[in-house]
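S.K.:
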Amino acid sequence: MLYSKLFGKTKKNSKKYDSINATLLIKAGFIDQVMAGTYTYLPLGLRVLEKIENIIREEMNTIAQEILMPALTPISNWQKTQRFEKVDVLMKTTPANIFAKAKNDTEYVLNPTHEEVVTPLAQKFVFSYKDFPFALYQIQTKFRNEPRVKSGLLRGREFRMKDLYSFHISINDFKNYYEKVKEVYMKIFYRLGIGKDTVIVMASGGSFTDDYSHEFQTLCQTGEDKIFYVQSKNLYFNKEVAPSQAPKIKNDDKKILPKKDVKGKGIIGVEEIAQYLKIPIEKTTKTLIYETDDGRIIAAAVRGDYEINEDKLRKVVKCQSLKLASADVVKKNIGAEIGYIGIINLPKHVELYLDESVLGRVNFETGTNKNYYHSVNVNFGRDLPYPEKTYDIKIAKEGDLYPETQEKYQVFKASEVGNIFPLYTKFTEAFGYKYIDSKGEEKPVIMGCYGIGSSRIMGVIVEKYHDEKGIIWPESVAPYQIHLVGLDLKNQEVKNQAFSLYQLLTEKYHFEVLFDDREEISAGEKFNDADLIGIPHRLVISKRTKDKIEYKKRSEENSYLLTLEEIISKIKKS
RNA sequence: CGGAGCGUAGUUCAGAUGGCUAGAACGUGCGCUUUGGGAGCGCAAGGUCGUGGGUUCAAGUCCCGCCGCUCCGACCA
Numbered sequence: 009m010l011y012s013k014l015f016g017k018t019k020k021n022s023k024k025y026d027s028i029n030a031t032l033l034i035k036a037g038f039i040d041q042v043m044a045g046t047y048t049y050l051p052l053g054l055r056v057l058e059k060i061e062n063i064i065r066e067e068m069n070t071i072a073q074e075i076l077m078p079a080l081t082p083i084s085n086w087q088k089t090q091r092f093e094k095v096d097v098l099m100k101t102t103p104a105n106i107f108a109k110a111k112n113d114t115e116y117v118l119n120p121t122h123e124e125v126v127t128p129l130a131q132k133f134v135f136s137y138k139d140f141p142f143a144l145y146q147i148q149t150k151f152r153n154e155p156r157v158k159s160g161l162l163r164g165r166e167f168r169m170k171d172l173y174s175f176h177i178s179i180n181d182f183k184n185y186y187e188k189v190k191e192v193y194m195k196i197f198y199r200l201g202i203g204k205d206t207v208i209v210m211a212s213g214g215s216f217t218d219d220y221s222h223e224f225q226t227l228c229q230t231g232e233d234k235i236f237y238v239q240s241k242n243l244y245f246n247k248e249v250a251p252s253q254a255p256k257i258k259n260d261d262k263k264i265l266p267k268k269d270v271k272g273k274g275i276i277g278v279e280e281i282a283q284y285l286k287i288p289i290e291k292t293t294k295t296l297i298y299e300t301d302d303g304r305i306i307a308a309a310v311r312g313d314y315e316i317n318e319d320k321l322r323k324v325v326k327c328q329s330l331k332l333a334s335a336d337v338v339k340k341n342i343g344a345e346i347g348y349i350g351i352i353n354l355p356k357h358v359e360l361y362l363d364e365s366v367l368g369r370v371n372f373e374t375g376t377n378k379n380y381y382h383s384v385n386v387n388f389g390r391d392l393p394y395p396e397k398t399y400d401i402k403i404a405k406e407g408d409l410y411p412e413t414q415e416k417y418q419v420f421k422a423s424e425v426g427n428i429f430p431l432y433t434k435f436t437e438a439f440g441y442k443y444i445d446s447k448g449e450e451k452p453v454i455m456g457c458y459g460i461g462s463s464r465i466m467g468v469i470v471e472k473y474h475d476e477k478g479i480i481w482p483e484s485v486a487p488y489q490i491h492l493v494g495l496d497l498k499n500q501e502v503k504n505q506a507f508s509l510y511q512l513l514t515e516k517y518h519f520e521v522l523f524d525d526r527e528e529i530s531a532g533e534k535f536n537d538a539d540l541i542g543i544p545h546r547l548v549i550s551k552r553t554k555d556k557i558e559y560k561k562r563s564e565e566n567s568y569l570l571t572l573e574e575i576i577s578k579i580k581k582s
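Going by the numbering used here, the first sequence opens with residue 9, and the numbers climb by one from there.
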């Protein structure tokens with residue numbers, strides 16, 4: 009490719025964004041922003057995206073078959089799985105104006121994921137146990153109504169994703185496949201240059217299952233997720249599922265003090281209470297009242313400096329769903345206003361679940377369940393019985409211990425590049441997808457889904473591989489292998505030499521070459537552009553290079569005058 | 001959804017307290033000079049100041065609505 013003909017050149021004065029990937033990819037001419045979180049891939053950017061997706065495709069083809077599903081789906085498919093009302097990032101299309109409305113007033117879902125398409129698809133074709141297992145994947149544009157887009161390609165409302173769905177007739181077979189996908193995913197991330205920094209993290213299975221799902225997280229300073237690492241076990245947890253044990257309060261009181269009720273009308277929330285009572289926030293107790301879907305009233309308490317993890321609580325309480333009780337429900341059941349709720353004087357019909365962080369304190373505070381009063385210097389064994397059991401129902405935070413080994417978590421920032429889910433029969437049941445086994449009986453089909461965010465990976469790679477001058481692409485995804493810079497091109501002899509080298513490299517050796525053939529541009533500007541664009545190998549032809557060629561790797565400082573043969577062997581080796 | 005900032009040339013921005021015949025740099029076109037780390041000179045083209053309303057003798061500037069962008073937080077099956 010002649011750089012003079014390339015659409016989408018580098019920009020000298022380009023806006024600096026907070027995220028490196030947006031700043032560099034826009035400045036270097038890979039992408040152009042259309043609106044927040046929505047980009048055009050320019051020729052250079054599209055080459056990178058396609059290289060990423062082709063690597064994913066090559067590896068996927070070893071374990072699945074490629075299809076392409078539509079972005080639009082009838083709303084009814086989403087109603088069948090109850091997700092039309094529930095998925096909080098779901099988008100749909102409507103006709104834009106009265107004329108379009110007059111022609112066709114149907115609304116469609118813009119798919120954020122494709123279980124609602126692939127499950128009925130499989131159902132149309134595969135009925136017999138003999139045809140299982142099978143797996144289908146696609147690489148396609150997804151739509152999610154994210155509340156806030158940010159960080160260039162890392163989070164948009166429209167993005168590229170590879171999604172894979174597998175179908176099985178036994179749990180065992182499914183689990184084997186699930187593990188196989190883990191291996192293939194890691195192979196993909198290694199080929200993309202981010203393998204050594206990508207870890208498998210246990211995450212919530214969401215509404216599908218109580219099993220963990222698994223996230224592939226690339227460690228990265230600008231990452232949006234925090235992951236918790238247990239070194240001795242080599243385990244990573246997503247913040248939402250990390251088992252947590254609170255570290256003990258420092259310098260706790262030695263002497264047990266008499267319990268005292270303090271009136272504090274309007275003093276609500278642990279920060280305010282701590283301030284008002286002049287006690288550290290760790291001495292306060294945060295108690296929330298929940299209603300379960302089966303009609304129970306639950307009180308859940310954590311130490312004041314923690315938050316309740318509703319996912320963990322739901323599992324402990326053993327219910328399908330729970331919601332924070334309204335002011336009215338609280339008043340009716342407890343007899344006090346929200347804000348004075350605590351773990352003492354609770355009515356018998358309210359089930360109390362204590363987080364382990366509530367224990368192990370001397371002289372702590374809690375609401376009294378009577379209007380406007382908080383109690384201080386409360387102690388287990390005197391003011392209320394020692395609980396028979398405590399739980400882990402809090403959101404883990406930095407400094408927490410992994411309960412099993414008592415070791416402190418190491419916490420890393422990371423960006424999620426892949427996610428795999430055991431779905432079991434959640435979707436196949438919704439669509440009534442059954443197969444006929446060898447005895448002629450109908451059985452439900454077991455399913456898994458597996459995603460890789462290909463456009464996000466492009467952003468993550470830039471976040472990880474760059475310096476102050478620009479991008480440094482890994483070989484496997486670079487838009488071109490060689491950046492050939494021609495200097496002194498007004499000199500006919502040098503020009504001929506440069507063009508014949510370009511021809512040789514592309515036609516004889518079949519390299520992908522970006523040739524900066526611009527005559528009016530100064531050497532400094534061309535070198536700066538080359539560094540910004542970040543192609544791995546740079547060659548220079550000028551009146552100085554004579555019968556040699558200057559070679560420099562983007563990732564290294566030094567350049568060398570070499571022969572063509574030497575250069576070719578260097579490039580092939582790397 | 002909460003908070004902050006912003007919207008002026010193709011791009012990045014400057015235009016206290018209202019007085020504008022709206023500027024600069026980069027980019028673009030032409031001419032000359034120049035070619036190893038973002039060169040120089042000259043000339044030129046390029047704007048209903050996001051949008052709708054209001055205040056005023058006078059609005060890019062002040063007020064209100066809407067739209068959009070950036071950042072922080074919440075959220076992210």
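Glycine included, every Cβ here is placed at the ideal spot set by N, Cα and C. Computed from a predicted structure; not experimentally measured.
Along the alpha helix (DSSP H) that carries Glu223, what are the first and last residues, could you check?
M.R.: DSSP places Glu223 outside any alpha helix (DSSP H); the residue lies instead in the beta strand (DSSP E), whose first and last residues are Ser221 to Leu227.
S.K.: What are the partner residues of Ser383, as DSSP defines its beta bridges?
M.R.: Asp269 and Thr374
S.K.: Any idea which residues DSSP pairs Ser423 with across the strands?
M.R.: Thr226
S.K.: On the DSSP bridge list, what partners appear for Ser136?
M.R.: Answer is Ile444, bridged to Ser136.
S.K.: Given this structure, state the Cα-to-Cα distance separating Ile428 from Gly456, to the nearest angstrom.
M.R.: 8 angstroms
S.K.: In the structure shown, what three-state DSSP assignment does Thr206 receive?
M.R.: strand
S.K.: Helix, strand or coil: which one does DSSP assign to Pro395?
M.R.: DSSP places Pro395 in the coil class of the three-state scheme, outside both helix and strand.
S.K.: Taking the straight line between their C-alpha atoms, what separation do you get for Val502 and Asp496?
M.R.: 7 angstroms
S.K.: In chain order, what residues of the same chain lie with their CB nearer than 7 angstroms to the CB of Asp181, ignoring the 5 residues before and after it?
M.R.: Pro141
S.K.: Out of Arg168, His122 and Thr230, which one is the CA nearest neighbour of Phe420?
M.R.: For Phe420, the nearest C-alpha among the options comes from Thr230.
S.K.: Tell me whether Leu513 is buried or exposed, calling it buried when 16 or more other Cβ atoms sit within 10 Å of its Cβ.
M.R.: buried
S.K.: Touch check for the segment 53-70 and the segment 166-173: three-plus C-beta pairs under 8 angstroms?
M.R.: yes
S.K.: Can you tell me whether Ile460 is helix, strand or coil according to DSSP?
M.R.: strand
S.K.: Going by the CB atoms, is the gap between Tyr473 and Ile479 shorter than 8 angstroms?
M.R.: The answer is yes: Cβ separation under 8 angstroms.
S.K.: Is the beta carbon of Ile235 sitting closer than 8 angstroms to the one on Asn246?
M.R.: yes
S.K.: Just how far apart, CA to CA, sit Met99 and His176?
M.R.: Approximately 30 angstroms between the Cα atoms of the pair.
S.K.: Among Ala282, Ile75, Gly532 and Ile276, which residue has its Cα nearest to the Cα of Tyr380?
M.R.: Ile276
S.K.: What are the start and end residues of the alpha helix (DSSP H) that includes Arg65?
M.R.: Pro51 to Met68
S.K.: What are the complete beta strand (DSSP E) segments, minimum 3 residues, inside the segment 250-333?
M.R.: 268-271, 293-300, 305-311 and 330-332
S.K.: Given a cut-off of 8 angstroms on the beta-carbon distance, is the pair Thr376 and Ile403 in contact?
M.R.: no
S.K.: Along the chain, where does the beta strand (DSSP E) containing Leu243 start, and where does it finish?
M.R.: Leu243 to Asn246
S.K.: How would you label Gln418, buried or exposed, when you count the other beta carbons within 10 angstroms and need 16 or more for buried?
M.R.: So Gln418 counts as exposed.
S.K.: Measuring alpha carbon to alpha carbon, tell me which residue in Ala108, Gln500, Ala308 and Tyr568 is nearest Thr553.
M.R.: Closest in C-alpha terms to Thr553, from the list Ala108, Gln500, Ala308 and Tyr568, comes Tyr568.
S.K.: Phe133: which of Pro544, Ile444, Arg390 and Asn566 sits nearest, CA to CA?
M.R.: Ile444
S.K.: Exposed or buried, which one is Asn85 when buried takes at least 16 other CB atoms within 10 Å?
M.R.: buried
S.K.: CA-CA distance, Asn385 and Leu367?
M.R.: 13 angstroms
S.K.: Which two residues bound the contiguous alpha helix (DSSP H) that contains Ala30?
M.R.: Ile28 to Lys35
S.K.: Terminal residues of the continuous beta strand (DSSP E) containing Glu450?
M.R.: Glu450 to Pro452
S.K.: What's the C-alpha gap between Lys183 and Ile454?
M.R.: Rounded to the nearest whole angstrom, the CA to CA distance from Lys183 to Ile454 is 10 angstroms.
S.K.: According to the Cβ coordinates, are Pro395 and Leu354 closer than 8 angstroms?
M.R.: no
S.K.: Whole angstroms are fine: how far does the CA of Ile401 sit from the CA of Ala538?
M.R.: 53 angstroms
S.K.: Based on the DSSP output, what are the partners of His474 in its beta bridges?
M.R.: Answer is Ile479, bridged to His474.
S.K.: Spatial neighbours of Ile83 within its chain, please: CB distance less than 8 angstroms, with the 5 preceding and 5 following residues excluded, ordered by chain position.
M.R.: Phe92, Lys100, Glu115, Tyr116 and Val117
S.K.: Can you look up Ala344 in the DSSP assignment and give me helix, strand or coil?
M.R.: coil
S.K.: Candidates Val485, Pro103 and Phe535: which alpha carbon is nearest Leu492's?
M.R.: Phe535
S.K.: Near Arg199, which residues of its chain fall below 7 angstroms by C-beta distance, leaving aside the five closest residues on each side in sequence?
M.R.: Ile63 and Ser484
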